[in-house]
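Everything below concerns the one structure shown next.
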Amino acid sequence: MMYPYLTLDDETEIVHSEMLPDSTVKVYIEKPDETDGFHYASCYLPQYCWKDIFGFSEEEIKAYQTILENNAHLIIELSQHGGFDNASGF
Numbered sequence: 454m455m456y457p458y459l460t461l462d463d464e465t466e467i468v469h470s471e472m473l474p475d476s477t478v479k480v481y482i483e484k485p486d487e488t489d490g491f492h493y494a495s496c497y498l499p500q501y502c503w504k505d506i507f508g509f510s511e512e513e514i515k516a517y518q519t520i521l522e523n524n525a526h527l528i529i530e531l532s533q534h535g536g537f538d539n540a541s542g543f
């Protein structure tokens with residue numbers, strides 16, 4: 454299951470999984486694109502292991518890396534509580 458985390462001004466969506474059995478959390482980033490349909494990438498926390506990158510430049514991935522570095526502690530916590538909508542009171 455994937456949970457919404459953040460929508461950026463350019464319509465980029467950042468969602469995350471529940472905590473996986475290996476104690477990682479998959480973060481999926483997707484941005485609409487008129488030519489390709491969508492650009493997307495996956496990053497696994499807490500290792501910041503990027504996989505399946507399509508359409509994003511190195512600069513964009515670096516910017517997303519910064520966003521994730523600044524939010525990883527929240528994303529990891531939310532992944533253990535069913536996402537933001539289910540994490541009241543934590």
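The number in the numbering used here is simply the position in the sequence shown, starting from 1, with 453 added. Built from N, CA and C at the ideal position, the CB exists for glycine as well. Bear in mind that the values here come from a model prediction, so they are computed numbers and not experimental data.
Going by Cα to Cα distance, which pick from the options is closest to residue i?
{"i": "G535", "options": "D462, V478, K484, L461", "result": "V478"}
{"i": "I528", "options": "G490, D462, L473", "result": "L473"}
{"i": "S470", "options": "Q518, Y458, D462, I520", "result": "Y458"}
{"i": "I506", "options": "I467, I482, S532", "result": "I482"}
{"i": "S476", "options": "L498, Q518, I514, L531", "result": "L498"}
{"i": "L461", "options": "E530, E513, W503, G508", "result": "E513"}
{"i": "D489", "options": "K515, N523, C496, F509", "result": "F509"}
Name the two residues that bound the continuous beta strand (DSSP E) containing residue i.
{"i": "L459", "result": "455 to 460"}
{"i": "S470", "result": "466 to 470"}
{"i": "D486", "result": "478 to 486"}
Go ahead and pull the three-state DSSP assignment for residue i.
{"i": "L498", "result": "strand"}
{"i": "E513", "result": "helix"}
{"i": "H534", "result": "coil"}
{"i": "E522", "result": "helix"}
Quick one: using the 10 Å Cβ neighbour count with 16 as the cut-off for buried, is residue i buried or exposed?
{"i": "Y501", "result": "exposed"}
{"i": "K484", "result": "buried"}
{"i": "F491", "result": "exposed"}
{"i": "T519", "result": "exposed"}
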